[in-house]
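Novice: Sequence positions in the sequence shown follow the numbering used here and run 760 to 1217.
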Amino acid sequence: MAKKYPEETRMYKEKAFLVGVSVFNDKSWLSIEDSLAELELLAQTAGLDVVGEISQTLSKPNAQTFIGSGKVEEVQLLVNETKADVLIFDNELIPRHQRELEKIFGENVRVLDRTALILDIFAQHASTREGILQVELAQYEYRLPRLTRAWTHLARQAGGGGGRSGSVGGVGLRGPGETQLEVDRREIRKKITTLRTELEKVRAHRSRHRENRKRSQIPTVALVGYTNAGKSTLLNKLANSEVFVANQLFATLDPTTRRVELPEGNTALFTDTVGFIQKLPTQLVAAFRATLEEITEADILLHVVDISHPNALAQWESVNATLEEIGAEDLPIITVLNKIDKIQDQEIIRELNNAFSNAVSISALSGEGIRSLLKKIEEELYFNLIPITVFLPYKQGRLISVFHETGKIDELKNLADGVYIDGSIPGRFFSEFEPFFHSSEPNELLETTGDDLDGTDF
760 MAKKYPEETR MYKEKAFLVG VSVFNDKSWL SIEDSLAELE LLAQTAGLDV VGEISQTLSK
820 PNAQTFIGSG KVEEVQLLVN ETKADVLIFD NELIPRHQRE LEKIFGENVR VLDRTALILD
880 IFAQHASTRE GILQVELAQY EYRLPRLTRA WTHLARQAGG GGGRSGSVGG VGLRGPGETQ
940 LEVDRREIRK KITTLRTELE KVRAHRSRHR ENRKRSQIPT VALVGYTNAG KSTLLNKLAN
1000 SEVFVANQLF ATLDPTTRRV ELPEGNTALF TDTVGFIQKL PTQLVAAFRA TLEEITEADI
1060 LLHVVDISHP NALAQWESVN ATLEEIGAED LPIITVLNKI DKIQDQEIIR ELNNAFSNAV
1120 SISALSGEGI RSLLKKIEEE LYFNLIPITV FLPYKQGRLI SVFHETGKID ELKNLADGVY
1180 IDGSIPGRFF SEFEPFFHSS EPNELLETTG DDLDGTDF
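1. Are the segment 847 to 856 and the segment 869 to 885 touching, with three or more C-beta to C-beta distances below 8 Å?
2. Which residue wins for smallest C-alpha separation from Glu957, given the options Glu941, Lys996, Lys990, Val894?
3. Would you kindly report the start and end of the unbroken beta strand (DSSP E) that includes Phe848?
4. From the DSSP secondary-structure annotation, give me the bridge partner or partners of His1062.
5. Helix, strand or coil: how does DSSP classify His912 here?
6. In angstroms, rounded to a whole number, what distance separates the CA positions of His1163 and Val1178?
7. I need the DSSP call for Gln823, collapsed to helix, strand or coil.
8. Could you tell me which residues DSSP pairs with Glu1020 in its beta bridges?
9. Can you tell me which residues form a DSSP beta bridge with Phe776?
10. For Tyr901, which of helix, strand or coil comes out of DSSP?
11. Quick one: what's Glu1170 bridged to in DSSP?
12. Which class does Ile1147 belong to by DSSP, given the choice of helix, strand or coil?
13. Check this for me: beta carbons of Glu1139 and Gly1182, under 8 Å apart or not?
14. Could you compute how far the alpha carbon of Gly890 sits from the alpha carbon of Leu1051?
15. Confirm, please, whether the CB-CB distance from Ile1136 to Phe1196 is below 8 Å.
16. Determine the contact status of Val1149 and Phe1192, defining contact as a CB-CB distance below 8 Å.
17. Anyone know if the C-beta pair for Leu876 and Ala802 falls short of 8 Å?
18. Going by DSSP, what residue range makes up the alpha helix (DSSP H) through Leu836?
19. If you check the beta carbons only, do Ile1054 and Thr1026 fall under 8 Å apart?
20. Look at Asn1079 and Leu993 and say whether their C-beta atoms are less than 8 Å apart.
21. Sort out for me which residues DSSP pairs Ala1118 with in a bridge.
22. Once the 5 residues before and after Gln1042 are set aside, which same chain residues still bring their CB inside 6 Å of it?
23. Run the CB neighbour count on Glu1056, radius 10 Å, all protein chains shown included, and call it buried at 16 or more, exposed below.
24. Nearest to Arg1130 by alpha carbon, out of Pro1022, His1062, Ser966, Asp1176?
25. Pick out whichever of Gln883, Leu1039, Lys774, Asn987 has its Cα sitting closest to the Cα of Glu1084.
26. Can you look up Phe1196 in the DSSP assignment and give me helix, strand or coil?
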């Protein structure tokens, strides 16, 4: 199935033609039509003008060209007819596919895939040093096995933030028998090593900040969700702040944290994180590890869903899959059904609330449902206590203080090597106390040697 867009509706920009392929057993949460519609939004976000699209269903990709040879000929005709400058595949192409397609389409048409397009968007939107470093690392790791002209369009600097994204520069003299390709590969590997080192410093810095937050005992709430679900708008409403908001994909890359007062006078730190998307490039997940740890280290997640979107359920499932990929699937989650102002039928809203687990319906734009959401967050963070029995060695002074200040103590025994406590704690501290769980009575602990009471082997 092919589609062309009328010439008169377009102002001149670099023209893109889209190719969507549905492969048997391919893990995609969207239909091929909906995935192509999303690819069109991505292309527009990157500043391209989409002039047409075509799709194909395959049992498996063609070994040479990904799509079948007959479909390649059809795409060639459409690309020539629409005068497209860029051919974008909705799937990730392996280097072999990309090289073969570039030979077929020649020098006047660049062949890109969904991953390259998303990396380009991230490069345009990154503004902080951390964001620029993360995007640059992802780009180089993507380019290394390819090193073809297809990525030269990524030479633009990242989002005006002074990034160094682009083709490899400053290449020295070649050694005997060394090709330019070998030199480029060596230079990129050096860049990757340098970027990883710099990002480890960023990661360590973030880790120290998180430890400081833990010591302050202020809980953290991470906003996660599909790109353009309304996370930044929600953070602005909760904190009366002015985080950048735009009706486009990946408008916010760098995490933003704001302090929010809860209804009963308690406080929490809310962090807006990068939006997810189906087929999120693995290079980005790896490069954004320091940022994504803001999610995995949070006390609770707010999974924001654009409930007015026709693919809301598929987007919700896609985000859940990414949370599982980064190891955050076991964290407490409140599902925030956003944009109910776009739904007129209250019965539909009630049905949606029942369809999603632990859900609250809101409009981040109008403020409807915000107080109910804050009350639910406060209950989860401060008032929903979990019964536990622990033995805390005296060197775990911070946890002993946390139990006294935030929990409910039913029984406490000061022993030679530590403190036996039976009581309840807020759920956000559960994982910290887990290594010190104990099932014995305090009198039995008196018979245990100090060497055994290290809090890790009960």
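Idealized CB from N, CA, C, for every residue including glycine.
Specialist: From the atom records:
1. Yes: the two stretches touch, three or more of their Cβ pairs being nearer than 8 Å.
2. If we check each option's Cα against that of Glu957, Val894 comes out closest.
3. Note, Phe848: beta strand (DSSP E), 845 to 848.
4. Note: His1062 sits in a beta bridge opposite Val983, Thr1094.
5. In this prediction, His912 has a pLDDT of 42, which is less than 50 and means its spatial position is unreliable; what the coordinates show is noted afterwards. Shown here, His912 sits in a helix according to DSSP, grouped into three states.
6. Using only the alpha carbons, I get a separation of about 12 Å.
7. Gln823 sits in coil when the DSSP states are folded into three classes, being neither helix nor strand.
8. In DSSP, Glu1020 forms a bridge with Thr1026.
9. Paired residue(s): Gly811, Leu846.
10. If DSSP states are grouped into helix, strand and coil, Tyr901 belongs with the helices.
11. Bridge partners of Glu1170: Asp1181.
12. Ile1147: strand per DSSP, three-state reduction.
13. No, they are not a contact pair.
14. Looking at the two C-alpha atoms, the distance is approximately 12 Å.
15. For Phe1196 and Ile1136, no; Cβs fall outside 8 Å.
16. In contact: Val1149 and Phe1192 (Cβ atoms closer than 8 Å).
17. Leu876 places its beta carbon less than 8 Å from that of Ala802.
18. Per DSSP, Leu836 belongs to the alpha helix (DSSP H) from 828 to 841.
19. In this structure, Ile1054 lies away from Thr1026, with their beta-carbon atoms at least 8 Å apart.
20. Not in contact: Asn1079 and Leu993 (Cβ atoms no closer than 8 Å).
21. Per DSSP, Thr1094.
22. Excluding positions up to five away in sequence, the list reads Ala897, Glu900, Tyr901.
23. So Glu1056 ends up on the buried side.
24. Closest option to Arg1130, Cα to Cα, is Pro1022.
25. Shortest Cα-Cα distance from Glu1084 to any of Gln883, Leu1039, Lys774, Asn987 involves Leu1039.
26. Strand, per DSSP.
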